[in-house]
Structure formats: structure tokens, C-alpha cells
Amino acid sequence: MHSSTGILRTLGLILAGSIALLSSPVHSGTAVTPGSRAAGMESCVAPTAEIRRNHMDYLKHDRNRVVHEGVRDVKHSLAGCVDCHAEKDGNGGYHPINADGQFCSGCHEHLAVNLTCFQCHSKEPDRKHSDAASLSGIRNAGQRGRLGLLIKLNEAPALSSEEMAQLHALSREE
Numbered sequence: 008m009h010s011s012t013g014i015l016r017t018l019g020l021i022l023a024g025s026i027a028l029l030s031s032p033v034h035s036g037t038a039v040t041p042g043s044r045a046a047g048m049e050s051c052v053a054p055t056a057e058i059r060r061n062h063m064d065y066l067k068h069d070r071n072r073v074v075h076e077g078v079r080d081v082k083h084s085l086a087g088c089v090d091c092h093a094e095k096d097g098n099g100g101y102h103p104i105n106a107d108g109q110f111c112s113g114c115h116e117h118l119a120v121n122l123t124c125f126q127c128h129s130k131e132p133d134r135k136h137s138d139a140a141s142l143s144g145i146r147n148a149g150q151r152g153r154l155g156l157l158i159k160l161n162e163a164p165a166l167s168s169e170e171m172a173q174l175h176a177l178s179r180e181e
């Protein structure tokens, strides 16, 4: 009876060690996709370990500042992440950042976390409007851009006017 318990413990340790070894490539090495703008930079907006742990909190905090307070020049914007981490394709464009093997999908798939940001937000950089200078100057009518959303600011929304009124009412509540 004692020998079978020892065998089970040994098998459990071997299994746990194997899982740790298989998952280590996701947490080691570089967090940068080759061929992206970030590949040529020394550092991100924060250390890699900090971004891995807190990126969703940063994005939510800055989303609230943008939506509720109208502050457009935030440090941790999803459009900024896409601008730096999207990989160029061979045709002068970009691979969608949430596509298989790309920056966002790798970790999210490994951790079994839904990646729903890109149901509304753009999956590829928009160089004309998503750089920091145009985001900080978004209040000027001539510099209106996409802010990382799939709909341009000067386009009619897909929602009805009644739905838009409800959305605006909800965004004003705290």
C-alpha cells in the first residue's frame, strides 16, 4: 500500500514538472513580436513583468479616463499597444494582433482567457491617427481619428439614436 502511494507521488511530481517546463516558453524570453515596432525599442511603457501582470487593470483605468472624463492622452491605451506590437506583413500592412501566433493571442490562448477587445477595437495600427501626437490633439476638429475603434469618429454609429442615448446615459453614471 505504501509503495503505490510513493509511485503516485512520483508520477505527480513528474507530471507537475512537465507542465512547468512546457509552459515556461510563454513566460520567458522576449515579449516582443519580431517585425513589430516594439522590436526596435528598448522598453515598453512599463517593465515586461509589470505589464504581463497588470495590463488589463491599466487598460480599464485609462478606458475609464477616456470614456468618463474625456482625457485622450493616456499612457496605457489599447491603440498604443496595437501600434507597437502589431507585426508587419509582407504587403506593407499588418497582421491582426489577435490572429494566431501574434502578440495578444499567444498568451491569451495559453492562459485560456477570452480576447474580446477586438470585437470593437481595431486589430491593426492606423498610422494616420493612432500615434501619440494625434491622440493628444484629438480635440482639434482637423485631427479627429479612430482612437483605435472600428468606427471613425465622423461616421454614423451602428447603433440607433435611442441606443446611443442609452449608452451615453450609462457612461455618465458612476
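Position in the sequence shown counted from 1, then plus 7, gives you my numbering. For every residue, glycine included, the Cβ atom is placed at its ideal position computed from N, Cα and C.
For residue 87, the uninterrupted alpha helix (DSSP H) segment begins and ends at 85–92. When secondary structure is reduced to three states using DSSP, residue 67 falls in the helix class. Bridge pairing for residue 43: 94 [DSSP]. Pairing residue 130 with residue 103 gives a Cβ-Cβ distance under 7 Å.
One Cα belongs to residue 71, the other to residue 42, and the distance between them is close to 31 Å.
Between residue 16 and residue 93, the alpha-carbon positions lie close to 44 Å from each other.
Straight across, the Cα-Cα distance linking residue 168 with residue 127 is about 19 Å.
For residue 50, no alpha helix (DSSP H) segment is defined, and its DSSP state is neither H nor E. Rounded to the nearest whole angstrom, the CA to CA distance from residue 79 to residue 175 is 17 Å. Going by beta carbons, residue 110 and residue 40 fall inside the 7 Å limit.
Distances from the alpha-carbon of residue 60 to those of 96, 114 and 133 put 114 closest.
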